[in-house]
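Residue numbers (the working numbering): 132 to 199.
Accompanying notes for the structure given below.
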């Protein structure tokens with residue numbers, strides 16, 4: 132059974148989320164949304180692997196506010 136269309140959500144933190152997400156897509160993951168700066172929280176993207184698992188791929192976040 133799945134909850135909301137996904138079996139599990141996995142969060143990965145990296146100093147290079149753009150590169151990590153590109154490697155995941157090259158290996159067969161489906162991009163849910165590109166890595167982007169969020170209004171609140173870390174820079175984050177999302178993919179779904181061939182088994183239906185959702186992976187959030189983000190940058191380490193200090194909790195500091197973004198400038199502007």
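Quick reminder that beta carbons are idealized off the backbone N, C-alpha and C, glycines included.
Predicted model only: the values in this text are computed from it and were never measured.
- In this structure residue 140 is in contact with residue 185, their Cβ atoms being roughly 5 Å apart against a cut-off of 8 Å.
- With respect to residue 152, residue 183 sits apart: the two C-beta atoms are not nearer than 8 Å.
- Judged by DSSP in its simplified three-state form, residue 167 adopts strand.
- With a cutoff of 8 Å on beta-carbon distance, residue 166 and residue 149 are scored as near each other.
- In this structure, DSSP gives residue 154 a helical state, which the three-state scheme calls helix.
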